[in-house]
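Numbering (the working numbering), first residue to last: 1397 to 1668. From the three backbone atoms N, C-alpha and C, an ideal C-beta is built for every residue, glycine too.
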């Protein structure tokens, strides 16, 4: 374990083996840091925060600070981060609130580029990338494999589906279906994220099934989405990917304004 003599590490912090902490970094009393994680100079890790193994925290990042929510009243809440995450310069990730389940959760193998922000009660699954300046409002869910390009802004309570790609400078106010590329002002679904799916190991057959469903759902002259979903559901065979896409689109209608997680507003006691 290498702790620089100018680092400020609380005696109550729990540090794994081979942890490195650089000069002028601050690690709070209730922080847990996994094996071989590196916290470079001038970083701040506070609150009830857990960082997994083999992660790298770059200068001026602030992890586990109080949520920026007017309803927050000082209650204990958590930031939980998995393994192999990279947090670049100036990134801020806030812990949760009582109204959102009490925790912000980050999975494994995520990459947070400089000056991106993750607000309270967000859930970020594995292999997610936030490019420079991405801003997530509270209660946002990014499912596995999501890629957000520079300066994307996400409205609170939005869910971005698996392996979706959001183009730079895009403002997202509604849930984004899995497997698609979305961009523009206003944001529009452009096409299936074929290159992203290929990189994730999807077979040609799997991608073709998704593309067929995409054409029916987003390029058809039929305006009744429920009718189209019903037709897809009646097919003799539905691939797991298309089945998930159908379920995702059905769930959108359960929330307000096309945001499934809006149902949490009327059920603040729900635990995530």
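Count the other CB atoms, across all protein chains shown, that sit within 10 Å of the CB of residue i; report buried if there are 16 or more and exposed otherwise.
| i | result |
| --- | --- |
| residue 1521 | buried |
| residue 1436 | buried |
| residue 1469 | exposed |
| residue 1397 | exposed |
| residue 1463 | buried |
| residue 1488 | buried |
| residue 1597 | exposed |
| residue 1633 | exposed |
| residue 1653 | exposed |
| residue 1664 | Model confidence at residue 1664 stands at a pLDDT of 47, short of 50, so the residue's coordinates are unreliable; what they give is reported in the following sentence. Looking at its Cβ environment, which holds fewer than 16 other Cβ atoms inside 10 Å, residue 1664 is exposed. |
| residue 1651 | buried |
| residue 1599 | exposed |
| residue 1639 | exposed |
Output needed for residue i: all residues of its chain with C-beta closer than 7 Å, excluding positions within five of it in sequence on either side, in chain order.
| i | result |
| --- | --- |
| residue 1406 | 1423, 1424 and 1425 |
| residue 1667 | Reliability of the predicted coordinates at residue 1667 is poor, the pLDDT of 42 falling under 50, and no value is obtained from them. |
| residue 1414 | 1397, 1431 and 1432 |
| residue 1648 | 1571, 1654 and 1656 |
| residue 1484 | 1454, 1508, 1509 and 1510 |
| residue 1583 | 1566, 1567 and 1568 |
| residue 1659 | 1650 and 1651 |
Measure the Cβ-Cβ separation of residue i and residue j and say whether it is below 7 Å.
| i | j | result |
| --- | --- | --- |
| residue 1530 | residue 1555 | no |
| residue 1438 | residue 1456 | yes |
| residue 1612 | residue 1603 | no |
| residue 1558 | residue 1573 | no |
| residue 1419 | residue 1400 | yes |
| residue 1614 | residue 1585 | yes |
| residue 1434 | residue 1416 | yes |
| residue 1546 | residue 1517 | no |
| residue 1511 | residue 1528 | yes |
| residue 1479 | residue 1450 | yes |
| residue 1579 | residue 1592 | no |
| residue 1504 | residue 1461 | no |
Could you pull out every residue in the same chain whose Cβ sits closer than 6 Å to the Cβ of residue i, ignoring the five residues on either side in sequence?
| i | result |
| --- | --- |
| residue 1494 | 1471 |
| residue 1446 | 1428 and 1476 |
| residue 1552 | 1533, 1534 and 1535 |
| residue 1606 | 1575, 1588 and 1637 |
| residue 1513 | 1488 and 1531 |
| residue 1626 | none |
| residue 1548 | 1530, 1562 and 1566 |
If contacts are defined as beta-carbon pairs under 8 Å, then residue i and residue j qualify, I think. What distance do you get, rounded to the angstrom?
| i | j | result |
| --- | --- | --- |
| residue 1676 | residue 1560 | Coverage of the chain is limited to positions 1397 through 1668, which leaves residue 1676 absent and any answer about it impossible. |
| residue 1609 | residue 1645 | Not quite, the Cβ-Cβ distance comes to about 10 Å (not below 8 Å), so this is no contact. |
Go through its chain and collect everything with a Cβ distance to residue i's Cβ below 8 Å, but skip five positions before and after it.
| i | result |
| --- | --- |
| residue 1594 | 1603 |
Establish whether the CB of residue i and some CB of chain C are separated by less than 7 Å.
| i | result |
| --- | --- |
| residue 1571 | The question asks about chain C, but that chain is absent: this structure has only one protein chain. |
May I ask you to verify whether the region 1489-1508 touches the region 1470-1477, counting CB pairs closer than 8 Å and requiring at least 3? yes
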